[in-house]
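Participant: One structure, pasted below without further comment.
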Amino acid sequence: MADDPAGFRAVRRIAHRVSERARRSPRAAAALRRLAPRSVRTRTTIAACVGVALVLLVASAAVLVLLRVNLERTVEAGAREQAQVVAGIAADGHLPDQLPLGHGTDFIQVTDAAGTVVAASQNLTGRPALTPADGEDGHDVLDLDGLGDEHRQRVATLTTGTPTGPVTIRVGASLHTADTAEDLTTAALAALSALLIATVGAVTWRATGRALRPVESLRAEVAAIGDRDLDRRVPDPGSDDEIARLAHTMNGMLDRLEGAGIRQRRFIADASHELRSPLAVLRTQLEVAHTHPDPAVRADMVAGALQDIDRLQSLAADLLLLARLDAAGHDGRSEPVDLADLVGTAAGARAGQHPGITLDLADRPIVTGNPLWLGRLLTNLLDNAGRHARSRVTVHLTFDPRTAQAVLDVGNDGPAIDPADREKVFERFTRLDHARSRDDGGTGLGLPIARDIAALHGGTLTVLGTPDGCTFRTRLPAHLQPKRFRATPLGAPFGDP
6 MADDPAGFRA VRRIAHRVSE RARRSPRAAA ALRRLAPRSV RTRTTIAACV
56 GVALVLLVAS AAVLVLLRVN LERTVEAGAR EQAQVVAGIA ADGHLPDQLP
106 LGHGTDFIQV TDAAGTVVAA SQNLTGRPAL TPADGEDGHD VLDLDGLGDE
156 HRQRVATLTT GTPTGPVTIR VGASLHTADT AEDLTTAALA ALSALLIATV
206 GAVTWRATGR ALRPVESLRA EVAAIGDRDL DRRVPDPGSD DEIARLAHTM
256 NGMLDRLEGA GIRQRRFIAD ASHELRSPLA VLRTQLEVAH THPDPAVRAD
306 MVAGALQDID RLQSLAADLL LLARLDAAGH DGRSEPVDLA DLVGTAAGAR
356 AGQHPGITLD LADRPIVTGN PLWLGRLLTN LLDNAGRHAR SRVTVHLTFD
406 PRTAQAVLDV GNDGPAIDPA DREKVFERFT RLDHARSRDD GGTGLGLPIA
456 RDIAALHGGT LTVLGTPDGC TFRTRLPAHL QPKRFRATPL GAPFGDP
């Protein structure tokens, strides 16, 4: 059947209009999205089937093209061979009026130079000479009278000499057998392709479902874990693949969530305890001041209440800062900070409270961070050292070129910290036995806040073992400023008159 360009153009126009309406209509787009597969299993199966179908389509087309070429060459070779046989007979001058048809040959016709038929096969007996348009070499001949239904042919044309003059021999070979073979091959390829696609789809569906079964188990287990049973864990598939690594990662996440929940509950309990005690004392002081007849006693009670209020304000500020550090991390302010200047400013502001501070600022490292929080880190370390020092507080600042870090040592000559307690001091609301009293002005949050600030800036805060007193070492990523500065001691050692 001939092609119909107008029909194809009409189909393309209709398809284009449908696609444009679907693209412009929100409802149509939503309907298409709903029809799209959502599960990984379905998408994987469809992708596998489409991929196999494309490969089979290309392979089948190649097979059919090669088959068609080979079949037509075979038919044409048979027609040429028959034409050469007839040419040999004609050259000998023994050409009969009626020529027998060989196997696969559709017709034979021999014409002289004047176009008169001098011999033909039985099915063309009495027919006029075939014109070149009907029987040109290698072209199809259609709807020949007397040959039955319309079918395709390959025509071999050969010109040879005879005793009576040159003749033209045309032999037509039917492509009916080739067409039948092609049709059968197409049907077989279609059936095998459909079977193979169905097999691939079934295998992919089953394999994907089996592979995703542990994922569904993990999902169901995680969905069942509530905020009150964070001790539950997802099952370990017992393999060494991506699913097992996912399970291990999720269990690690659950471990961290459980630990965070435990620390949060402990923090709330400790904060409640720390707030309850000064509130109880404050209430007692106010009740005594309210009822006691002696004005001097009332004044002492009010002064003590004000001290407790100051401590409560300090504790509330520390709790708020811890909440900000835990929830948001860095507040976004980040700028180069001259750590030597910051240390000098913080120490100078406390020279009156702690006159025994000695500074040794050997280098001027520049730290990128929040100047307010870095100042709070220094303030907490200096206040902690001043509370526990007997006579002196030392501050030593250097730059370590091997690690590109600023090294800040804040030491005092107070009681040493046992190795077993060197990490415990950084726990919130922790006071060692020699610092249990709340009258020293501490809240138990200064060192934890200092460590959190150091960690927020990519650094560390540790306790060093020293023979006399203790030293807190802070390491922060920094770069060295070329200019060097040497600070002088601030004040005299503790205890000097």
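All residue numbers for the sequence shown refer to our numbering, where the first residue is 6 and numbers rise by one. Using N, Cα and C, we set each Cβ at its ideal position, and we do this for glycine too. Quick caveat, the model's predicted, so the values are computed rather than measured.
#1: Taking just the CA atoms, how far does V176 sit from A138?
#2: Evaluate P453 with the Cβ neighbour count: other Cβ atoms within 10 Å of its Cβ, from every protein chain shown; 16 or more gives buried, anything less gives exposed.
#3: Mapping DSSP to helix, strand and coil, what is E340?
#4: So, is the C-beta of L59 closer than 9 Å to a C-beta in chain B?
#5: Consult DSSP for P376 and reduce its assignment to one of helix, strand or coil.
#6: The beta strand (DSSP E) spanning R233 covers which residue range?
#7: Go ahead and label T524 buried or exposed: buried means 16 or more other beta carbons lie within 10 angstroms of its beta carbon, across all protein chains shown.
#8: Is the separation between the beta-carbon of R369 and that of L485 shorter than 9 Å?
#9: Taking the continuous beta strand (DSSP E) assigned at S65, which residues delimit it?
#10: So for T191, helix, strand or coil by DSSP?
#11: With DSSP collapsed to three states, give me the class of T204.
#12: On the DSSP letters alone, give me the boundaries of the beta strand (DSSP E) that G177 sits inside.
#13: Evaluate the contact criterion for the segment 422-432 versus the segment 457-471: three or more CB pairs, one atom per stretch, below 8 Å.
#14: Taking one C-beta from the segment 73-82 and one from the segment 172-188 each time, how about it: are there three or more such pairs within less than 8 Å?
#15: Should the segment 54-64 be regarded as contacting the segment 195-209, the criterion being three or more beta carbon pairs within less than 8 Å?
#16: Given this structure, state the Cα-to-Cα distance separating S282 from Q290, to the nearest angstrom.
#17: Using CA atoms only, rank isn't needed, just tell me which of A118, V398 and L413 is closest to T165.
#18: My parser needs the alpha helix (DSSP H) runs of 4 or more residues fully inside the segment 376-410; what are they?
#19: Going by the beta-carbon positions, is the gap between A394 and G474 smaller than 9 Å?
#20: How is S244 classed by DSSP in three states: helix, strand or coil?
#21: If you count every other CB in all the chains shown that lies within 10 Å of the CB of Q103, and 16 or more means buried, which is it?
#22: Count the other CB atoms within 10 Å of the CB of R338; is the residue buried (16 or more) or exposed (fewer)?
#23: Output needed for I94: all residues of its chain with C-beta closer than 7 Å, excluding positions within five of it in sequence on either side, in chain order.
#24: Does the beta-carbon of M306 have 16 or more other beta-carbons within 10 angstroms, so that it is buried, or is it exposed?
#25: What is the C-beta distance between I371 and V342, in whole angstroms, given that I count them as a contact (C-beta under 8 Å)?
#26: With DSSP collapsed to three states, give me the class of H297.
#27: Can you tell me whether L106 is helix, strand or coil according to DSSP?
#28: Using 8 Å as the cut-off, can you tell me whether the segment 269-278 makes contact with the segment 237-245, which would need three or more C-beta pairs spanning the two stretches below that distance?
#29: When burial is assigned at 16 or more other CB atoms within 10 Å of the CB, is G98 buried or exposed?
#30: For H278, which residues from the same chain have a beta carbon less than 8 Å from its beta carbon, with the 5 sequence-adjacent residues on both sides left out?
#31: Looking at N417: is its Cβ nearer than 9 Å to the Cβ of T476?
#32: Below 8 Å, how does it come out for the segment 210-226 and the segment 244-261: are there three or more Cβ pairs, yes or no?
#33: So, at 8 Å on beta carbons, what are the nonlocal neighbours of T50 in its own chain, with the 5 sequence-adjacent residues on each side left out?
Facilitator: Walking through what the data contain:
#1: Numbered from its first residue, the sequence shown carries residue 138 at position 133. Numbered from its first residue, the sequence shown carries residue 176 at position 171. Reliability fails at A138, whose pLDDT of 48 lies under 50, so the model's placement of it is uncertain and no value is given.
#2: Residue 453 sits at position 448 when you count from the first residue of the sequence shown. With 16 or more other Cβ atoms within 10 Å, it is buried.
#3: Along the sequence shown, one-based indexing puts residue 340 at 335. Note: E340 maps to strand in three-state DSSP.
#4: Chain labels in this structure do not include chain B; a single protein chain is all it has.
#5: Within the sequence shown, numbered from 1, the residue matching residue 376 stands at position 371. Three-state DSSP puts P376 in a helix.
#6: One-based indexing of the sequence shown puts residue 233 at position 228. That residue, R233, is in no beta strand (DSSP E); it is neither H nor E in DSSP.
#7: Since the first residue of the chain shown is 6 and the last is 502, residue 524 is not available in this structure.
#8: For the purposes of this step, residue 369 is taken as residue 364 along the sequence shown, with counting starting at 1. For the purposes of this step, residue 485 is taken as residue 480 along the sequence shown, with counting starting at 1. Closer than 9 Å, so yes.
#9: Position 60 of the sequence shown, counted from the first residue, corresponds to residue 65. Where S65 is concerned, there is no enclosing beta strand (DSSP E), although the alpha helix (DSSP H) it sits in stretches over V45 to A96.
#10: Here the question's residue 191 lines up with position 186 in the sequence shown. Residue state, collapsed to three classes: helix.
#11: Within the sequence shown, numbered from 1, the residue matching residue 204 stands at position 199. DSSP places T204 in helix when its eight states are reduced to three.
#12: In the sequence shown, counting from the first residue as 1, residue 177 sits at position 172. It spans G170 to S179 - the beta strand (DSSP E) in which G177 sits, taken as one unbroken run.
#13: yes
#14: yes
#15: yes
#16: Here residue 282 is taken as the residue at index 277 of the sequence shown, counted from 1. Here residue 290 is taken as the residue at index 285 of the sequence shown, counted from 1. Rounded to the nearest whole angstrom, the C-alpha separation of S282 and Q290 is 12 Å.
#17: Residue 165 sits at position 160 when you count from the first residue of the sequence shown. The residue with the shortest Cα to Cα distance from T165 is A118.
#18: 376-393
#19: Locating residue 394 in the sequence shown gives position 389, where the first residue counts as 1. Locating residue 474 in the sequence shown gives position 469, where the first residue counts as 1. Cβ atoms of A394 and G474: closer than 9 Å.
#20: Looking up residue 244 in the sequence shown gives position 239. Three-state result, S244: coil.
#21: Taking the sequence shown and counting its residues from 1, one reaches residue 103 at position 98. By the neighbour-count rule (16 or more Cβ atoms within 10 Å), Q103 is not buried but exposed.
#22: As a working mapping, residue 338 is identified with position 333 in the sequence shown. So R338 counts as exposed.
#23: Position 89 of the sequence shown, counted from the start, is the residue given in the question as residue 94. Closer than 7 Å at the Cβ level, and outside the excluded window around I94, lie L100.
#24: Counted from its first residue, the sequence shown places residue 306 at position 301. M306 should be labelled buried.
#25: Taking the sequence shown and counting its residues from 1, one reaches residue 371 at position 366. Taking the sequence shown and counting its residues from 1, one reaches residue 342 at position 337. That belief holds up - the Cβ atoms of I371 and V342 are roughly 7 Å apart, short of 8 Å.
#26: Taking the sequence shown and counting its residues from 1, the one referred to as residue 297 is at position 292. DSSP places H297 in coil when its eight states are reduced to three.
#27: Stepping through the sequence shown from its first residue, residue 106 is reached at position 101. In the three-state reduction of the DSSP assignment, L106 falls in the coil class, being assigned neither a helical nor a strand state.
#28: no
#29: Along the sequence shown, read from residue 1 onward, the residue named residue 98 stands at position 93. With fewer than 16 other Cβ atoms within 10 Å, it is exposed.
#30: As a first step, residue 278 must be located in the sequence shown, where it is residue number 273. For H278, where only same-chain residues beyond five positions count, the Cβ hits under 8 Å are F434.
#31: The count along the sequence shown starts at 1 and reaches residue 417 at position 412. The count along the sequence shown starts at 1 and reaches residue 476 at position 471. It is a contact, given that the beta carbons lie within the stated cut-off.
#32: yes
#33: Sequence index remark: in the sequence shown, residue 50 carries index 45 (1-based). Cβ within range, chain order: G206, T209, W210 and T213.
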